[in-house]
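See below for the structure under consideration.
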Amino acid sequence: GQSLEQPSEVTAVEGAIVQINCTYQTSGFYGLSWYQQHDGGAPTFLSYNALDGLEETGRFSSFLSRSDSYGYLLLQELQMKDSASYFCAVRDNAGNMLTFGGGTRLMVKP
Amino acid sequence: SAVISQKPSRDICQRGTSLTIQCQVDSQVTMMFWYRQQPGQSLTLIATANQGSEATYESGFVIDKFPISRPNLTFSTLTVSNMSPEDSSIYLCSASQESSYEQYFGPGTRLTVT
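From first to last, the protein sequence lines are chains L and C. The numbers in the working numbering rise by one with no breaks, and the one at position 106 of the first sequence is 742. The numbers in the working numbering rise by one with no breaks, and the one at position 49 of the second sequence is 171.
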């Protein structure tokens, strides 16, 4: 079966750095995505890693280690607007279908 | 990118009835998907809506309960049939291009079954 594990909640202060980890067990693997979802909003795409290493997009970076079936999302210079749920998702086939993790609720405090 | 709208945004329905949710994309897309999400929970893929052919359903979801249409490259519908309170959830439509790993999501339809 497919499973993705990520922490359910993380709390950090404004300006800090936070790392959200994701471990996965899937029958196939094409890549790992991260999505952000604010309360009552739609999930929005943040990043995608198909190969090992770090991808940086502004304040957000995402890392993948395929040999460890592990990835993380790194958020720097946290802002209050970063308070949201963050989902890792595995693309386990060529058809773009995604299996989502349980989500990590990030609370940023002043 | 693609902008996705869904109708209705929310509805309250009686058990035993059916509701059809519409998903409209502002540009032609290769792939469309339907997800279910309980508030505060993860997203679960219901099915892939295939243009011109029957939808592909994930384990635990069947066509009789969740019939899906996709008449063209910009539009899809999901029907929740013979509803029960357990069907109360947020239903999300998403779309992507075959060449892209990025999925664009609609705002969701919040369904409450009484």
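Note that beta-carbon positions come from the ideal geometry of N, C-alpha and C, so glycine has one too. It should be emphasised that the depicted structure is a prediction, and the values quoted were computed from it without experimental measurement.
Query, Result
"By the criterion of Cβ-Cβ separation under 8 Å, what are the contact partners of E220(C) in chain L?", "N732"
"I need the straight-line Cα distance from S639(L) to G689(L), nearest angstrom please.", "22 Å"
"May I ask you to report which of helix, strand or coil DSSP gives D209(C)?", "helix"
"Measuring only between beta-carbons, confirm whether P189(C) sits less than 9 Å from chain L.", "no"
"Going by alpha carbons, who is nearest to G182(C) out of E176(C), P189(C), I168(C)?", "I168(C)"
"Counting only beta-carbon separations shorter than 9 Å, does G677(L) have a partner in chain C?", "yes"
"Could you confirm whether any beta carbon from chain L is found closer than 9 Å to the beta carbon of Y223(C)?", "yes"
"What residues match up with L640(L) in a beta bridge as DSSP calls it?", "Y660(L)"
"Could you please tell me which residues of the segment 676-702 of chain L, in chain order, have their CB closer than 9 Å to any CB of chain D?", "Absent from the structure: chain D. Protein chains present are L and C."
"If T170(C) and A177(C) are in contact, beta carbons under 8 Å, what's the gap, nearest whole angstrom?", "6 Å"
"Who are the near neighbours of I134(C) in its chain, counting only those whose CB is closer than 7 Å to its CB and skipping five residues on each side?", "T234, T236"
"For chain L, is any of its Cβ atoms less than 9 Å away from the one on P130(C)?", "no"
"According to a CB-to-CB cut-off of less than 8 Å, which residues of the segment 650-664 of chain L neighbour chain C?", "none"
"Would you grab the beta carbon distance between E645(L) and R741(L) for me? Rounded to a whole angstrom, and I think it's under 8 Å.", "5 Å"
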